[in-house]
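These notes concern the structure reproduced below.
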Amino acid sequence: MITGLDFIGIPSQDAERARSFYVDTLGLRPDEKARFEVWAGDTCFGIWEPEQQGMPFAPQKNAHPALRVDDVAAARAELEAKGVQFNGETFDTGVCHMALFSDPDGNDLMLHNRYAPRT
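Note that the numbering used here gives residue 148 to position 74 of the sequence shown, counting from 1, and the numbers run on in steps of one.
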């Protein structure tokens, strides 16, 4: 029945600020046809303002889209140099490294690198 994932909705109170964060700070690829769509690989992040649709704004918490990087420590250091604040230390699950942070609207995100092969 379900054949794929079309996009991840990113609620914002300021779509331009959010777009700048995802494109300029995180380095996601802007969509050529839709200003408020940005891409991490084949995954689209669709930025939207719930209040423009008559809904209350609420950041996405505890879902943490896992943004794949080659080296979590290096990526974290680069983002910290750009002012991104992380929530706690980078941790090792035994199969991957993770570092949790939030965008300017409070939506939870994570840097992720799986180092152990899938079994």
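Where a beta carbon is used, it is the ideal one built from N, C-alpha and C, also for glycine.
Note that the coordinates shown come from a computational prediction; the quantities given were computed from them, not determined experimentally.
| Check | Outcome |
| --- | --- |
| For residue 142 and residue 88, the rounded distance between their alpha carbons | 25 Å |
| Span of the alpha helix (DSSP H) around residue 146 | 146-155 |
| Residues that DSSP places opposite residue 141 in a beta bridge | 185 |
| Boundaries (first-last residue) of the beta strand (DSSP E) holding residue 89 | First-last for residue 89: 89-94, but that is the alpha helix (DSSP H), not the beta strand (DSSP E). |
| Supposed contact pair residue 110 and residue 122 - C-beta distance, whole angstroms, cut 8 Å | 7 Å |
| Distance CB(residue 119)-CB(residue 160) smaller than 8 Å | no |
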